[in-house]
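Enquirer: Here it is, the structure in full.
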Amino acid sequence: MRDPASPVATGAGVLFPELADATEPAPPLRTRGSRVLRMVARVVLWGLIAAGAVAAARGPLPPADRPGPAPGAGPPDRPGEAVATVFLRDYLTVGDDPAARHRRLSRFTVAGADLRGSVSVPPGVDQYVDHVVAAGSRSVAGGIEVTVLAHVLQVRSGAYRDGGTLAFVVPVVVLPRGVAVRGRPRPTTLPIASGAALPHPRPTPTARSRPAGRLARQAVNALVAGDGTRLALLGGGRHPSARPLPAGWHAIDVGDAEVTETSGALVAQVAVRVRPPSGQVSYVIPVRVDLATGHSGLTVRRIEAGGSS
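Start counting the sequence shown at 1; every next residue gets the next number (the working numbering).
In C-alpha coordinates form, the structure reads like this:
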(Lines of atoms letter the chains of each structure in order from A; the text may use other names.)
(Lines give C-alpha, C1' and ligand atoms only; values in the text may rest on other atoms or scores of the structure.)
Protein backbone atom coordinates (compact mmCIF):
# COMPACT_ATOMS: atom_id res chain seq x y z
CA MET A 1 0.00 0.00 0.00
CA ARG A 2 1.32 3.48 -0.80
CA ASP A 3 -0.18 5.15 2.27
CA PRO A 4 1.34 3.40 5.30
CA ALA A 5 1.15 6.48 7.48
CA SER A 6 -2.59 6.85 7.15
CA PRO A 7 -4.58 5.54 10.12
CA VAL A 8 -6.44 2.36 9.44
CA ALA A 9 -9.50 1.09 11.31
CA THR A 10 -9.44 -2.68 11.02
CA GLY A 11 -12.32 -3.47 13.35
CA ALA A 12 -15.88 -4.16 12.34
CA GLY A 13 -17.39 -1.15 14.13
CA VAL A 14 -19.58 -1.13 17.15
CA LEU A 15 -20.39 -4.78 18.38
CA PHE A 16 -23.60 -4.03 20.09
CA PRO A 17 -26.43 -1.51 19.57
CA GLU A 18 -26.58 0.69 22.70
CA LEU A 19 -29.65 0.52 24.91
CA ALA A 20 -29.68 2.14 28.32
CA ASP A 21 -31.54 4.78 30.26
CA ALA A 22 -30.72 7.37 32.87
CA THR A 23 -33.43 6.42 35.41
CA GLU A 24 -30.70 5.67 37.93
CA PRO A 25 -27.80 8.00 37.04
CA ALA A 26 -24.24 6.94 37.60
CA PRO A 27 -22.88 7.94 41.04
CA PRO A 28 -20.76 11.11 41.31
CA LEU A 29 -17.28 10.33 40.12
CA ARG A 30 -14.24 11.51 42.00
CA THR A 31 -12.13 11.35 38.86
CA ARG A 32 -13.14 14.12 36.48
CA GLY A 33 -11.02 13.00 33.52
CA SER A 34 -12.38 13.21 30.01
CA ARG A 35 -12.77 9.43 29.75
CA VAL A 36 -15.18 9.26 32.67
CA LEU A 37 -17.10 12.32 31.53
CA ARG A 38 -17.59 10.75 28.12
CA MET A 39 -18.87 7.58 29.80
CA VAL A 40 -21.52 9.52 31.74
CA ALA A 41 -22.58 11.35 28.57
CA ARG A 42 -22.99 8.04 26.79
CA VAL A 43 -25.28 6.72 29.53
CA VAL A 44 -27.54 9.75 29.13
CA LEU A 45 -27.62 9.37 25.34
CA TRP A 46 -28.56 5.70 25.57
CA GLY A 47 -31.39 6.65 27.88
CA LEU A 48 -32.95 8.66 25.08
CA ILE A 49 -32.62 5.69 22.73
CA ALA A 50 -34.34 3.35 25.19
CA ALA A 51 -37.23 5.67 26.09
CA GLY A 52 -39.48 4.47 23.28
CA ALA A 53 -38.95 0.79 24.08
CA VAL A 54 -39.57 1.34 27.79
CA ALA A 55 -42.91 3.09 27.21
CA ALA A 56 -44.38 -0.01 25.58
CA ALA A 57 -43.59 -2.13 28.62
CA ARG A 58 -45.15 0.10 31.31
CA GLY A 59 -48.32 -0.62 33.23
CA PRO A 60 -49.62 -3.57 35.29
CA LEU A 61 -49.17 -6.97 33.68
CA PRO A 62 -51.25 -10.16 33.93
CA PRO A 63 -50.21 -13.04 36.20
CA ALA A 64 -47.52 -15.47 35.08
CA ASP A 65 -49.82 -18.50 34.83
CA ARG A 66 -51.86 -17.25 31.85
CA PRO A 67 -50.99 -19.40 28.86
CA GLY A 68 -49.37 -18.03 25.73
CA PRO A 69 -49.27 -19.42 22.20
CA ALA A 70 -47.87 -22.86 21.55
CA PRO A 71 -44.23 -23.03 20.46
CA GLY A 72 -43.54 -23.16 16.78
CA ALA A 73 -41.23 -22.05 14.05
CA GLY A 74 -41.60 -18.55 12.78
CA PRO A 75 -39.86 -15.20 12.36
CA PRO A 76 -38.01 -13.65 15.33
CA ASP A 77 -40.27 -12.05 17.93
CA ARG A 78 -39.06 -8.46 17.68
CA PRO A 79 -41.18 -7.05 20.56
CA GLY A 80 -40.08 -9.91 22.81
CA GLU A 81 -36.43 -9.41 21.94
CA ALA A 82 -36.70 -5.66 22.51
CA VAL A 83 -38.31 -6.06 25.94
CA ALA A 84 -35.81 -8.76 26.97
CA THR A 85 -32.92 -6.53 25.93
CA VAL A 86 -34.03 -3.45 27.84
CA PHE A 87 -35.01 -5.59 30.84
CA LEU A 88 -31.57 -7.23 31.05
CA ARG A 89 -29.91 -3.85 30.99
CA ASP A 90 -31.85 -2.82 34.08
CA TYR A 91 -31.51 -6.28 35.65
CA LEU A 92 -27.71 -6.09 35.53
CA THR A 93 -27.61 -2.45 36.69
CA VAL A 94 -27.14 -2.39 40.46
CA GLY A 95 -26.57 0.88 42.32
CA ASP A 96 -27.26 2.19 45.80
CA ASP A 97 -31.07 2.37 45.41
CA PRO A 98 -32.55 -1.18 45.43
CA ALA A 99 -36.11 0.14 45.62
CA ALA A 100 -35.70 2.16 42.42
CA ARG A 101 -34.17 -0.86 40.69
CA HIS A 102 -37.11 -3.03 41.78
CA ARG A 103 -39.57 -0.48 40.38
CA ARG A 104 -37.73 -0.40 37.06
CA LEU A 105 -37.72 -4.19 36.77
CA SER A 106 -41.41 -4.46 37.63
CA ARG A 107 -42.26 -2.52 34.49
CA PHE A 108 -41.09 -5.50 32.42
CA THR A 109 -42.18 -8.52 34.47
CA VAL A 110 -45.40 -10.46 35.01
CA ALA A 111 -47.28 -9.95 38.24
CA GLY A 112 -45.72 -11.83 41.13
CA ALA A 113 -42.21 -12.16 39.66
CA ASP A 114 -39.72 -11.58 42.47
CA LEU A 115 -36.22 -10.68 41.27
CA ARG A 116 -34.95 -9.14 44.49
CA GLY A 117 -31.55 -10.47 45.51
CA SER A 118 -30.87 -11.89 42.06
CA VAL A 119 -27.77 -9.74 41.50
CA SER A 120 -25.40 -8.91 44.35
CA VAL A 121 -22.37 -6.64 44.27
CA PRO A 122 -19.70 -6.06 46.96
CA PRO A 123 -20.10 -3.07 49.28
CA GLY A 124 -19.00 0.15 47.65
CA VAL A 125 -19.33 -1.27 44.12
CA ASP A 126 -21.98 -0.35 41.55
CA GLN A 127 -22.56 -2.12 38.23
CA TYR A 128 -23.73 -0.63 34.96
CA VAL A 129 -24.24 -1.87 31.40
CA ASP A 130 -22.84 0.10 28.48
CA HIS A 131 -23.75 -2.24 25.59
CA VAL A 132 -26.62 -4.72 25.31
CA VAL A 133 -28.13 -6.53 22.32
CA ALA A 134 -30.40 -9.47 21.56
CA ALA A 135 -28.55 -12.33 19.85
CA GLY A 136 -31.61 -14.40 18.93
CA SER A 137 -34.70 -16.11 20.30
CA ARG A 138 -36.47 -19.46 20.22
CA SER A 139 -40.03 -20.55 20.87
CA VAL A 140 -40.83 -22.49 24.03
CA ALA A 141 -44.08 -23.51 25.71
CA GLY A 142 -45.93 -20.32 26.61
CA GLY A 143 -43.56 -17.86 25.00
CA ILE A 144 -39.98 -17.39 23.89
CA GLU A 145 -36.47 -17.43 25.30
CA VAL A 146 -34.27 -14.55 24.21
CA THR A 147 -30.48 -14.71 24.31
CA VAL A 148 -29.08 -11.29 25.20
CA LEU A 149 -25.45 -10.16 25.31
CA ALA A 150 -24.39 -7.42 27.71
CA HIS A 151 -21.09 -5.70 28.42
CA VAL A 152 -20.92 -4.63 32.07
CA LEU A 153 -18.86 -2.08 33.97
CA GLN A 154 -18.21 -1.93 37.69
CA VAL A 155 -17.41 1.34 39.43
CA ARG A 156 -15.69 1.75 42.79
CA SER A 157 -14.45 5.05 44.20
CA GLY A 158 -15.12 6.80 40.91
CA ALA A 159 -13.06 4.37 38.80
CA TYR A 160 -14.64 2.14 36.15
CA ARG A 161 -13.51 -1.45 35.66
CA ASP A 162 -14.36 -3.75 32.76
CA GLY A 163 -16.74 -6.46 33.95
CA GLY A 164 -16.65 -8.40 30.70
CA THR A 165 -19.32 -9.49 28.24
CA LEU A 166 -22.05 -11.80 29.60
CA ALA A 167 -24.77 -13.80 27.87
CA PHE A 168 -28.15 -14.51 29.48
CA VAL A 169 -31.32 -16.26 28.36
CA VAL A 170 -34.34 -14.14 29.31
CA PRO A 171 -37.68 -16.03 29.57
CA VAL A 172 -40.48 -14.03 27.96
CA VAL A 173 -44.19 -14.86 28.04
CA VAL A 174 -46.38 -13.85 25.08
CA LEU A 175 -49.78 -12.53 26.16
CA PRO A 176 -52.74 -10.97 24.32
CA ARG A 177 -51.75 -7.52 25.61
CA GLY A 178 -48.09 -7.88 24.76
CA VAL A 179 -45.00 -9.58 26.15
CA ALA A 180 -43.41 -9.66 29.59
CA VAL A 181 -40.48 -11.24 31.39
CA ARG A 182 -41.66 -14.13 33.55
CA GLY A 183 -38.64 -14.98 35.68
CA ARG A 184 -34.95 -14.75 36.38
CA PRO A 185 -32.55 -14.87 33.42
CA ARG A 186 -30.08 -17.73 33.29
CA PRO A 187 -26.50 -17.50 32.00
CA THR A 188 -25.57 -19.14 28.73
CA THR A 189 -22.50 -19.58 26.57
CA LEU A 190 -21.40 -16.59 24.55
CA PRO A 191 -22.14 -17.25 20.86
CA ILE A 192 -18.66 -16.06 19.89
CA ALA A 193 -16.12 -18.12 17.98
CA SER A 194 -13.13 -15.78 18.16
CA GLY A 195 -9.86 -17.58 17.54
CA ALA A 196 -11.56 -20.49 15.78
CA ALA A 197 -9.62 -21.99 12.89
CA LEU A 198 -11.35 -21.75 9.53
CA PRO A 199 -11.14 -24.59 7.02
CA HIS A 200 -8.31 -23.85 4.64
CA PRO A 201 -9.33 -23.46 1.00
CA ARG A 202 -7.53 -25.50 -1.58
CA PRO A 203 -4.06 -24.02 -2.23
CA THR A 204 -3.89 -22.24 -5.55
CA PRO A 205 -0.82 -23.07 -7.65
CA THR A 206 1.46 -20.09 -8.17
CA ALA A 207 1.08 -20.42 -11.93
CA ARG A 208 -2.63 -19.63 -11.51
CA SER A 209 -2.61 -17.37 -8.45
CA ARG A 210 -0.23 -14.77 -9.88
CA PRO A 211 -2.16 -14.04 -13.08
CA ALA A 212 -5.44 -14.25 -11.14
CA GLY A 213 -4.15 -11.71 -8.63
CA ARG A 214 -3.00 -9.35 -11.38
CA LEU A 215 -6.36 -9.63 -13.14
CA ALA A 216 -8.25 -8.97 -9.90
CA ARG A 217 -6.19 -5.84 -9.17
CA GLN A 218 -6.79 -4.59 -12.70
CA ALA A 219 -10.51 -5.12 -12.27
CA VAL A 220 -10.61 -3.22 -8.99
CA ASN A 221 -8.61 -0.34 -10.48
CA ALA A 222 -11.05 -0.20 -13.40
CA LEU A 223 -14.03 -0.29 -11.03
CA VAL A 224 -12.85 2.60 -8.86
CA ALA A 225 -11.92 4.59 -11.98
CA GLY A 226 -15.35 3.98 -13.50
CA ASP A 227 -13.75 2.49 -16.62
CA GLY A 228 -16.59 0.37 -18.04
CA THR A 229 -14.72 -0.37 -21.27
CA ARG A 230 -11.81 -1.84 -19.37
CA LEU A 231 -14.14 -3.88 -17.16
CA ALA A 232 -15.85 -5.37 -20.20
CA LEU A 233 -12.47 -6.42 -21.62
CA LEU A 234 -11.49 -8.04 -18.30
CA GLY A 235 -14.86 -9.81 -18.33
CA GLY A 236 -14.11 -11.43 -21.66
CA GLY A 237 -16.36 -9.09 -23.63
CA ARG A 238 -19.11 -9.00 -21.02
CA HIS A 239 -19.41 -6.38 -18.30
CA PRO A 240 -18.96 -8.23 -14.97
CA SER A 241 -21.53 -7.89 -12.22
CA ALA A 242 -20.27 -5.20 -9.85
CA ARG A 243 -21.11 -3.52 -6.58
CA PRO A 244 -18.98 -0.37 -6.29
CA LEU A 245 -18.01 1.43 -3.12
CA PRO A 246 -20.89 3.13 -1.27
CA ALA A 247 -21.76 6.63 -2.49
CA GLY A 248 -19.20 9.19 -1.35
CA TRP A 249 -16.48 6.66 -0.50
CA HIS A 250 -13.38 6.76 -2.66
CA ALA A 251 -10.32 4.56 -3.06
CA ILE A 252 -6.90 5.91 -2.14
CA ASP A 253 -4.80 2.90 -3.05
CA VAL A 254 -5.25 -0.63 -4.41
CA GLY A 255 -3.01 -3.17 -2.71
CA ASP A 256 -2.21 -6.84 -3.07
CA ALA A 257 -4.60 -9.67 -3.90
CA GLU A 258 -4.94 -12.97 -2.07
CA VAL A 259 -6.22 -15.76 -4.32
CA THR A 260 -7.99 -18.91 -3.14
CA GLU A 261 -9.69 -21.76 -4.99
CA THR A 262 -12.91 -23.47 -3.95
CA SER A 263 -14.60 -26.17 -6.05
CA GLY A 264 -12.55 -25.09 -9.04
CA ALA A 265 -13.57 -21.42 -8.76
CA LEU A 266 -10.93 -18.74 -8.21
CA VAL A 267 -11.70 -15.94 -5.76
CA ALA A 268 -9.41 -12.98 -5.07
CA GLN A 269 -9.56 -10.65 -2.08
CA VAL A 270 -7.96 -7.32 -3.03
CA ALA A 271 -6.92 -4.99 -0.20
CA VAL A 272 -8.07 -1.44 -0.93
CA ARG A 273 -7.51 1.63 1.22
CA VAL A 274 -10.62 3.82 1.15
CA ARG A 275 -11.84 7.03 2.72
CA PRO A 276 -15.45 7.91 3.67
CA PRO A 277 -17.29 11.03 2.43
CA SER A 278 -15.99 13.16 5.30
CA GLY A 279 -12.97 13.08 7.55
CA GLN A 280 -9.35 12.09 7.04
CA VAL A 281 -9.44 8.57 8.49
CA SER A 282 -8.84 5.82 5.94
CA TYR A 283 -9.82 2.15 6.09
CA VAL A 284 -8.37 -0.95 4.48
CA ILE A 285 -11.21 -3.09 3.13
CA PRO A 286 -11.34 -6.36 1.16
CA VAL A 287 -12.85 -6.22 -2.32
CA ARG A 288 -13.88 -9.63 -3.59
CA VAL A 289 -13.32 -10.52 -7.22
CA ASP A 290 -14.79 -13.75 -8.62
CA LEU A 291 -12.86 -15.16 -11.57
CA ALA A 292 -13.67 -17.82 -14.16
CA THR A 293 -11.55 -19.89 -16.51
CA GLY A 294 -12.74 -20.36 -20.08
CA HIS A 295 -11.44 -20.93 -23.59
CA SER A 296 -10.05 -17.39 -23.64
CA GLY A 297 -8.36 -17.75 -20.25
CA LEU A 298 -9.16 -16.00 -16.99
CA THR A 299 -12.05 -13.54 -16.93
CA VAL A 300 -13.72 -11.43 -14.24
CA ARG A 301 -17.27 -12.46 -13.33
CA ARG A 302 -18.10 -10.31 -10.29
CA ILE A 303 -16.61 -7.52 -8.16
CA GLU A 304 -17.96 -6.91 -4.64
CA ALA A 305 -16.93 -3.63 -3.00
CA GLY A 306 -19.89 -3.32 -0.63
CA GLY A 307 -22.08 -0.63 -2.20
CA SER A 308 -25.22 -0.97 -4.29
CA SER A 309 -25.21 -2.62 -7.70
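We treat Cβ as the ideally placed atom computed from N, Cα and C, and that holds for glycine.
Values in this document were obtained by computation on a predicted structure and should not be read as measured data.
Within 10 Å of its beta-carbon, does valine 83 have 16 or more other beta-carbons around it, so buried, or fewer, so exposed?
Expert: For the purposes of this step, residue 83 is taken as the residue at position 83 of the sequence shown. Buried is the call here.
Enquirer: Between glycine 237 and alanine 197, what straight-line distance do the alpha-carbon atoms span, to the nearest angstrom?
Expert: As a first step, residue 237 is located in the sequence shown; it is residue number 237 there, counting from the start. As a first step, residue 197 is located in the sequence shown; it is residue number 197 there, counting from the start. Taking the straight line joining both Cα atoms gives about 39 Å.
Enquirer: Decide if the stretch 215-234 is in contact with the stretch 179-190; the criterion is three or more beta carbon pairs, one per stretch, under 8 Å apart.
Expert: no
Enquirer: So, helix, strand or coil for aspartate 114, using DSSP?
Expert: The sequence position of residue 114 within the sequence shown is 114, counting from 1. Coil, per DSSP.
Enquirer: List the residues that DSSP assigns as beta-bridge partners of glutamate 304.
Expert: Taking the first residue of the sequence shown as 1, we reach residue 304 at position 304. Glutamate 304 is bridged to Arg243 and Arg288.
Enquirer: Report buried or exposed for serine 217, applying the criterion of at least 16 other Cβ atoms within 10 angstroms of its Cβ.
Expert: Within the sequence shown, the letter at position 217 stands for residue 217. Residue 217 is actually arginine in this sequence, not serine. Counting Cβ neighbours within 10 Å, arginine 217 comes out buried, since at least 16 surround it.
Enquirer: Which one of Arg107, Asp290, Gly307 and Arg177 has the shortest CA to CA distance from threonine 299?
Expert: Within the sequence shown, numbered from 1, the residue matching residue 299 stands at position 299. Among Arg107, Asp290, Gly307 and Arg177, the Cα nearest to that of threonine 299 is on Asp290.
Enquirer: What would DSSP say about proline 79, mapped onto helix, strand or coil?
Expert: Working through the sequence shown from its first residue, we reach residue 79 at position 79. Correct three-state label for proline 79: helix.
Enquirer: My output table needs one value for glutamine 218: the three-state DSSP class, helix, strand or coil.
Expert: Here residue 218 corresponds to residue number 218 of the sequence shown, with the count starting at 1. Looking at glutamine 218 - three-state DSSP - the assignment turns out to be helix.
Enquirer: When DSSP builds the beta bridges, which residues end up paired with threonine 293?
Expert: Counting from 1 along the sequence shown, the entry for residue 293 is found at position 293. DSSP, once it has assigned bridges, lists Leu298 as partnering threonine 293.
Enquirer: Over the uninterrupted beta strand (DSSP E) stretch that includes serine 106, give me the two end residues.
Expert: Sequence index remark: in the sequence shown, residue 106 carries index 106 (1-based). Here serine 106 belongs to no beta strand (DSSP E); instead the alpha helix (DSSP H) covers 98-106.
Enquirer: When you compare the stretch 126-141 with the stretch 151-159, are there three or more beta-carbon pairs, one atom per stretch, that lie closer than 8 Å?
Expert: yes
Enquirer: Using the beta-carbon count (16 or more within 10 Å), is threonine 109 buried or exposed?
Expert: Residue mapping note: residue 109 aligns to position 109 of the sequence shown, counting from 1. Classified as buried, threonine 109 has 16 or more neighbouring CB atoms from the shown chains inside 10 Å of its CB.
Enquirer: Could you compute how far the alpha carbon of leucine 190 sits from the alpha carbon of alanine 134?
Expert: Numbered from 1 along the sequence shown, position 190 holds the residue referred to as residue 190. Numbered from 1 along the sequence shown, position 134 holds the residue referred to as residue 134. Looking at the two C-alpha atoms, the distance is approximately 12 Å.
Enquirer: If I follow the unbroken beta strand (DSSP E) through threonine 204, where does it start and stop?
Expert: Taking the first residue of the sequence shown as 1, we reach residue 204 at position 204. Unbroken run through threonine 204: none, as it is neither H nor E.
Enquirer: Identify, in the order they occur along the chain, each residue of the same chain with its Cβ nearer than 6 Å to the Cβ of glycine 307, setting aside the five sequence neighbours on each side.
Expert: Against the sequence shown, residue 307 aligns to sequence position 307. Closer than 6 Å at Cβ, skipping near neighbours: Arg243, Pro244, Leu245 and Pro246.
Enquirer: Looking at the unbroken alpha helix (DSSP H) that takes in leucine 233, where does it start and where does it end?
Expert: Within the sequence shown, the letter at position 233 stands for residue 233. Start and end: 228-234.
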